Amino acid sequence: MTDASDSVMIANQKEKVRESLRKRLRSERRFRAYGVVAISFAVLMLVFLIGTIISNGYSAFSQTWLKVDVTLEKDLIAPDGRTDPKTLRENGDFRASLIESLVAKFKSRGREEERLLMAMFSTSAEQTLQEHVIRNPNEIGGTVSIWVRASSDIDQLYKGRINRDLPQTSRTVKDIQLRWYDLMAAERRIDSRFNKGFFYSGDSREPEQAGFWGAIVGSFFTMLVTLILAFPVGVATAVYLEEFAPKNRFTDLIEVNINNLAAVPSIVFGLLGLAVFLNFFELPRSAPLVGGMVLALMTLPTIIISGRAALKAVPPSVREAALGLGASRVQVVTHHVLPLAMPGILTGTIIGMAQALGETAPLLMIGMVAFIVDIPGGPTDASTVIPVQIYLWADSPERGFVEKTSGGIMVLLIFLVTMNASAVYLRKKFERRW
Amino acid sequence: MKKTLTFATLGALAVAGGAGQAVARDQVRIVGSSTVYPFATVVAERFGKDSKFKTPVIESTGSGGGLKLFCAGLGVKTPDITNASRRIKKSEYTKCTKNGIKIAEFKVGYDGIVMANSKKSGRISLSRKDIFLALAKLVPEGNKAGGKLVANPNRTWKDVNPNLPAVAIKVLGPPPTSGTRDAFNELAMEGGCKKFPELKAIKKQNKKKYRAICRGVREDGAWVEAGENDNLIVQKLEADPNALGVFGFSFLDQNRDKVQGSVVDGVEPTFANISSQKYPVSRSLFFYVKKNHVGQIPGIQEYVQAFMNRRAIGKRGYLIDKGLIPLPTAEMKKYIDAGKSLPDLKM
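Protein sequences, first through last, are from chains Z and C. If you read the first sequence in our numbering, its first letter stands for residue 1107, the second for the next number, and so on. If you read the second sequence in our numbering, its first letter stands for residue 137, the second for the next number, and so on.
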């Protein structure tokens, strides 16, 4: 071989290496680009989802109010002259005085126009009037100016969700109602306020009166029962399996079953709840107690699995040292291992509870998917939970429920984000690395 | 830690134990049809506000599911009232009476089932025969009477009827578990099927076969199961102007700016036409009361009277604003009177 051919070969070799390097760099860039594309796609979807929910739902937190002047005729409100709250509540015809004042003001003619006129005001208007009069009985005989809720249709009109330019037959608000609405707007009788009712009243079939509080209280009781049942049982199981149980076929079988349960569809737990808690133990239908028990079964595997992982992460040296100093095995666990594993267990519990909070399917079977107006007073009262309320609103025909649905989702998301964030915080704050 | 655990466990046991005792109920429990649900809930809400009784709890379980729970027996854990978007079946009635249940029947009003499409395209006029030919699993060959039954070859509406547009058949409707679907199959599909004399003749020979042919919906994608949520169907129609949707009249009423009801057999689905029963695809809505519970559970009779009241179901009642279609005057009077006396249902 000559020097010349050698140098040619080396040049070739170099060229080959350079070529392959370029190729590898290109493929690395491609790989990174795929990753960026995947993440941006996911982020885009999330932004789209949350954007839709917020743009549909932000208006659920405001409510349109209308100012009306009502002549409180003695004959209608206190025909026998007594003005104590009880008599007013029983005998006062507040609806009639409201109708008469409104008909006089807007000069509506005939029953159909009267119906259309009254349809602009929420059915809660007469209660607002009644409460006002009960507080101020001395105003009977005079004229009062009070703010009442607008009906859902007018509320939607004020929020710009009803298109005025469509022909009359294509909208829920009629021409004559638009005329009255414009008249009220000109007299500054329309106002938008924060929708407090959304946070303190129960469900209603009138969108403007529907509130979320019943569902929030229901979820609270349900989660309380779930926590009380699932947490101690889950932790005890995890501790026993990890610290005391012998490793044999039987405990392996249990472990497989627990992992399996974590993947069972939630509706199966609902069927179990129906068969065992309702039909066999005869517990009440639609009660947070039963809902909590069903969700506890669902949450148990999550708590056990995360609990065992947390216990496993505690180094054996801690146990050995405690044993070496003469602690009993129970003392080792309760004094040393469990406190060290607690942050991990709590994280798992919170994540499990967040999962349970968003669950509807198992509750369908035990009757918690129901129309319930009264705010539940305890875990055995009939109630719904937050996600069920969202589902029920999404299924209602009235247009006003669209924003309530999204508003409800926003509240649920806030709860979930708070729970998951606190799980992350707990982990960051108390986590120890060995 | 140990103490906390013990306390928590004790607490759990106390909660579970305390609820074990049967609790006397002071709240009316109602189950049943998802079609009657939007009306019954309005009555219940008003009843809760206006009376001294608690607001009844209403579950939407579907007509069949409701009657199953209702007929399961007597006692506080069974419902007091069930709503139904069809009449109680003979078999259900027998099961109920076998369990010692005395039933009173109430008809509330009518509900129209509409076919609708997006306002972005034109209004469609169909006959029930067209509906059958477009959606049935098996149709007579050549879409003509006397033809051999073949798998539905019709791809576009024009294939079904030359007067209809050449648009692919795509209908979004509720799943078989829904009462709306049952009624649609019975009234629209079977109604069209009967127009073929040879298919109608099968009814006398073999009822099962007749039902399978007349109510069998095609499974090749022209009919799309769109779920129980009618709002979702409306949204999908908006996105796809060529599709038709099947849902209850109240959803059409609330979404007039987005969708229009198709004309069926020359009749537009309007309030007046459904009320006068000119519109062919409409059904009656019922509820059934467990008479044995009246007097045991407070408020049942009062709730029935609040429902069977001109203020609710009358021509100017508040349920009419919610999309209920009222009964003819004589029939309404009969049921309003029945609300006071609760007569036994005999079948």
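Backbone N, C-alpha and C define an ideal beta-carbon position, used for all residues, glycine too. Bear in mind the structure is a predicted one, so any value in this text is a computation, not a measurement.
Is the shortest distance between the beta-carbon of R1277 of chain Z and the beta-carbons of chain C less than 7 Å?
-> The residue labelled residue 1277 of chain Z in the question sits at position 171 within the first sequence. Chain C contact via Cβ: present.
If we count Cβ pairs, one from each stretch, closer than 8 Å, do we get three or more for the stretch 1239 to 1259 of chain Z versus the stretch 1165 to 1179 of chain Z?
-> The stretch 1239 to 1259 of chain Z vs the stretch 1165 to 1179 of chain Z: in contact.
In chain order, each alpha helix (DSSP H) run of at least 4 residues that lies wholly inside the stretch 1310 to 1360 of chain Z = With a minimum length of 4 residues, the continuous alpha helix (DSSP H) runs that stay inside the stretch 1310 to 1360 of chain Z are 1319 to 1345.
Residue nearest to L1470 of chain Z in terms of C-alpha spacing, selected from Z:L1401, Z:I1481, Z:M1448 | Counted from its first residue, the first sequence places residue 1470 of chain Z at position 364. For L1470 of chain Z, the closest alpha carbon among the candidates Z:L1401, Z:I1481, Z:M1448 is that of Z:L1401.
Does D393 of chain C come within less than 7 Å of chain Z when only Cβ atoms are used?
-> Here residue 393 of chain C refers to the residue found at position 257 when the second sequence is read from its first residue. Interface residue, yes.
Length of the line joining the Cα atoms of S1203 of chain Z and F1318 of chain Z = In the first sequence, the residue the question calls residue 1203 of chain Z occupies position 97. In the first sequence, the residue the question calls residue 1318 of chain Z occupies position 212. Near 31 Å, if we compare the C-alpha coordinates of F1318 of chain Z and S1203 of chain Z.
Considering P276 of chain C, what are the terminal residues of the beta strand (DSSP E) in which it resides?
-> On the second sequence, position 140 is the one that residue 276 of chain C refers to. Looking at the DSSP string, the run of the beta strand (DSSP E) that includes P276 of chain C is 274 to 276.
Could you pull out every residue in the same chain whose Cβ sits closer than 8 Å to the Cβ of E355 of chain C, ignoring the five residues on either side in sequence?
-> Counted from its first residue, the second sequence places residue 355 of chain C at position 219. So the list reads K273, once near-sequence residues are dropped.
Could you check which residue in Z:R1414, Z:E1314, Z:L1403, Z:T1189 has the C-alpha nearest to that of Y1346 of chain Z?
-> As a working mapping, residue 1346 of chain Z is identified with position 240 in the first sequence. It is Z:R1414 whose Cα lies nearest to the Cα of Y1346 of chain Z.
Note down the Cα distance separating L478 of chain C from N299 of chain C, rounded to an integer number of angstroms.
-> One-based indexing of the second sequence puts residue 478 of chain C at position 342. One-based indexing of the second sequence puts residue 299 of chain C at position 163. A straight line joining the alpha-carbon of L478 of chain C with that of N299 of chain C spans about 51 Å.
Compare the Cα-Cα distances from D266 of chain C to each of C:P310, C:A324, C:T465 and report the closest residue.
-> Along the second sequence, read from residue 1 onward, the residue named residue 266 of chain C stands at position 130. Minimum Cα distance to D266 of chain C is reached at C:A324.
Span of the beta strand (DSSP E) holding K426 of chain C?
-> Locating residue 426 of chain C in the second sequence gives position 290, where the first residue counts as 1. In this chain, the beta strand (DSSP E) harbouring K426 of chain C covers 418 to 426.
Chain Z partners of A180 of chain C, CB-CB under 9 Å?
-> The sequence position of residue 180 of chain C within the second sequence is 44, counting from 1. Those within 9 Å of A180 of chain C in chain Z are R1311, F1477, V1479.
Quick one: grab the DSSP three-state call for L1208 of chain Z.
-> Counting from one through the first sequence, the residue named residue 1208 of chain Z turns up at place 102. Assigned with DSSP and collapsed to three states, L1208 of chain Z falls in helix.
Please go through the same chain and pick out, in chain order, the residues whose beta-carbon is closer than 7 Å to the beta-carbon of I1515 of chain Z, but skip the five residues on each side of it.
-> On the first sequence, position 409 is the one that residue 1515 of chain Z refers to. Here the set comprises I1159, G1163, I1496.
Quick one: grab the DSSP three-state call for M251 of chain C.
-> Indexing the second sequence from 1 puts residue 251 of chain C at position 115. In the structure shown, M251 of chain C adopts extended strand secondary structure according to DSSP, grouped into three states.
Nearest-angstrom Cα distance between L1289 of chain Z and T1234 of chain Z?
-> Taking the first residue of the first sequence as 1, we reach residue 1289 of chain Z at position 183. Taking the first residue of the first sequence as 1, we reach residue 1234 of chain Z at position 128. Pairing L1289 of chain Z with T1234 of chain Z, the inter-Cα distance amounts to about 22 Å.
For I194 of chain C and chain Z, any beta-carbon pair shorter than 7 Å?
-> Residue 194 of chain C sits at position 58 when you count from the first residue of the second sequence. So yes, I194 of chain C belongs to the interface.
Could you name the residues of chain C that D1261 of chain Z contacts, counting a contact when the two beta carbons are closer than 9 Å?
-> Within the first sequence, numbered from 1, the residue matching residue 1261 of chain Z stands at position 155. Ordered by position in chain C, no residue passes the 9 Å Cβ test against D1261 of chain Z, which lies about 14 Å from the chain.
How is the alpha helix (DSSP H) around K469 of chain C delimited, first residue to last?
-> The residue you call residue 469 of chain C lines up with position 333 of the second sequence. Where K469 of chain C is concerned, the enclosing alpha helix (DSSP H) starts and stops at 465 to 477.
If I'm right that V1370 of chain Z touches F1383 of chain Z with Cβ under 8 Å, what's the distance once you round it to whole angstroms?
-> Along the first sequence, read from residue 1 onward, the residue named residue 1370 of chain Z stands at position 264. Along the first sequence, read from residue 1 onward, the residue named residue 1383 of chain Z stands at position 277. The Cβ separation is near 17 Å, so there is no contact.
F383 of chain C - containing beta strand (DSSP E), residue span | Stepping through the second sequence from its first residue, residue 383 of chain C is reached at position 247. Per DSSP, F383 of chain C belongs to the beta strand (DSSP E) from 380 to 384.
T1357 of chain Z, buried or exposed, once every other Cβ within 10 Å from all chains shown has been counted against 16 = Stepping through the first sequence from its first residue, residue 1357 of chain Z is reached at position 251. Taking all protein chains shown into account, T1357 of chain Z has fewer than 16 neighbouring C-beta atoms within 10 Å of its C-beta and is therefore exposed.
Whole-angstrom distance between P1390 of chain Z and A158 of chain C, CA atom to CA atom | Walking along the second sequence from the start, residue 158 of chain C turns up at place 22. Walking along the first sequence from the start, residue 1390 of chain Z turns up at place 284. Bear in mind that the predicted position of A158 of chain C carries a pLDDT of just 46, short of 50, making it too unreliable to give a figure here.
Check whether the Cβ atoms of L421 of chain C and D216 of chain C lie closer than 7 Å to each other.
-> Residue numbering aside, residue 421 of chain C sits at position 285 when the second sequence is read from its first letter. Residue numbering aside, residue 216 of chain C sits at position 80 when the second sequence is read from its first letter. Against a cut-off of 7 Å, the Cβ pair of D216 of chain C and L421 of chain C comes out as no contact.
Contacting positions in the stretch 212 to 223 of chain C - beta carbon closer than 7 Å to chain Z | Per Cβ criterion, the list reads K213.
Kindly indicate if chain Z contains any beta-carbon less than 7 Å away from that of T177 of chain C.
-> Residue 177 of chain C sits at position 41 when you count from the first residue of the second sequence. Chain Z contact via Cβ: present.
Could you give the residue range of the alpha helix (DSSP H) that holds F1607 of chain Z?
-> This structure cannot settle anything about residue 1607 of chain Z, because the visible part of chain Z is limited to 1107 through 1540.
Coarse secondary structure for K340 of chain C, derived from DSSP in three states = Reading the second sequence from its first residue, position 204 is the one you call residue 340 of chain C. The answer is helix: DSSP assigns K340 of chain C an H, G or I state.
Start-to-end residues for the beta strand (DSSP E) that takes in G396 of chain C | As a first step, residue 396 of chain C must be located in the second sequence, where it is residue number 260. Sequence check: residue 396 of chain C is Gln here, not Gly. That run of the beta strand (DSSP E) goes 395 to 397.
Is Q1283 of chain Z near the ligand ZN, in the sense that its beta carbon is under 6 Å from a heavy atom of that ligand?
-> In the structure on display, the ligand ZN does not appear, and there are no ligands present to speak of.
Proximity of M1226 of chain Z and I1260 of chain Z at Cβ, strictly below 7 Å = Working through the first sequence from its first residue, we reach residue 1226 of chain Z at position 120. Working through the first sequence from its first residue, we reach residue 1260 of chain Z at position 154. Contact: yes.
Coarse secondary structure for K138 of chain C, derived from DSSP in three states | In the second sequence, counting from the first residue as 1, residue 138 of chain C sits at position 2. With a pLDDT of 47 at K138 of chain C, under the threshold of 50, the modelled position of this residue cannot be trusted, and the question is left open.
Ordered along the chain, which non-local residues of its own chain (more than five positions away) have a Cβ less than 6 Å from that of F183 of chain C?
-> In the second sequence, the residue the question calls residue 183 of chain C occupies position 47. Closer than 6 Å at Cβ, skipping near neighbours: Y439, A442.
So V1593 of chain Z packs on I1451 of chain Z, CB below 8 Å; how close in whole Å?
-> In the structure as shown, chain Z starts at 1107 and stops at 1540, and residue 1593 of chain Z therefore has no counterpart that could be examined.
Counting only the same chain and skipping the five closest in sequence on each side, list residues whose C-beta sits under 7 Å from that of V1508 of chain Z.
-> As a position in the first sequence, residue 1508 of chain Z is number 402, starting the count at 1. Hits under 7 Å: N1162.
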